[in-house]
Structures are given as structure tokens and as C-alpha cells.
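Student: Take this structure first; my questions come after.
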Amino acid sequence: MKNYTLLLFIVLITFSCKKYDINGHEIKDYDELLKTKMLLGKWQAELEDGNLQEIWTIKNDSTIFGQSYFISNNDTIHNETIDLVEDSGKLLY
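Per this note's numbering, the sequence shown runs over residues 2 to 94.
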């Protein structure tokens, strides 16, 4: 009986450590993505041959979206869109 009670206690502790939303879906932590939050916002660098701009926004709980433009003489020389996604604890570009 003592072993059964201990086993039950361990099982309850294990399952109570996970976070769930109101629909019963597990809420995941995105620790690697949190490290990139410093990118959020609008960045601009004025260079001799043009202007570089980046805009970073939160797309969803596991993705940060970025847009990058290089403009020279009112012409867009380079345009790029970027998704930084955390999947299985790794940050993907």
C-alpha cells in the first residue's frame, strides 16, 4: 500500500508539471525564440550607398516574422522576408 501511494504521488506530480490551455492542449515554452525578442521593432541603418530597414513582428507563439529592405535612390535593391521558427528546441531560419 505504501508503494502504491508513493507511485500515485509521483504520477500526479509528473502530470501536474505540464501546462495546458482551456481546451486541454499542452502549452509549450519557446525558450530559444525568447532569446530573439530583442529583434522586435523597426531597425534602420543609413549607409553611403543606401538605406537598410528591417521590421520584426510576432507572427504566433513559435514564430517571429521579419522583413528586410535595402533602398538606394528610391529603388528597392533587395527585399527579403524571414520566419524565425522554434521547432523541437531548435531555432530555424
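Quick reminder that beta carbons are idealized off the backbone N, C-alpha and C, glycines included.
Which class does D50 belong to by DSSP, given the choice of helix, strand or coil?
Tutor: One-based indexing of the sequence shown puts residue 50 at position 49. The answer is coil: DSSP assigns D50 none of H, G, I, E or B.
Student: T58 to I11, Cα distance in whole Å?
Tutor: For the purposes of this step, residue 58 is taken as the residue at position 57 of the sequence shown. For the purposes of this step, residue 11 is taken as the residue at position 10 of the sequence shown. Whole-angstrom Cα-Cα distance: 41 Å.
Student: Classify G67: buried if its beta carbon has 16 or more other beta carbons within 10 angstroms, exposed otherwise.
Tutor: Reading the sequence shown from its first residue, position 66 is the one you call residue 67. Counting Cβ neighbours within 10 Å, G67 comes out buried, since at least 16 surround it.
Student: Run through DSSP, which three-state label would I23 get?
Tutor: On the sequence shown, position 22 is the one that residue 23 refers to. In this structure, I23 counts as coil in the three-state DSSP scheme.
Student: With 16 as the cutoff for other CB atoms within 10 Å, does E47 come out buried or exposed?
Tutor: Counting from one through the sequence shown, the residue named residue 47 turns up at place 46. Classification for E47: exposed.
Student: Would you kindly check if the distance between the Cβ of I65 and the Cβ of L93 is under 9 Å?
Tutor: Reading the sequence shown from its first residue, position 92 is the one you call residue 93. Reading the sequence shown from its first residue, position 64 is the one you call residue 65. For L93 and I65, no; Cβs fall outside 9 Å.
Student: Tell me the rounded alpha-carbon separation between D50 and S73.
Tutor: In the sequence shown, residue 50 corresponds to position 49, counting from 1. In the sequence shown, residue 73 corresponds to position 72, counting from 1. About 6 Å.
Student: At the level of alpha carbons, what is the spacing between K60 and N24?
Tutor: As a first step, residue 60 must be located in the sequence shown, where it is residue number 59. As a first step, residue 24 must be located in the sequence shown, where it is residue number 23. Straight through space, the alpha carbons of N24 and K60 are spaced by roughly 22 Å.
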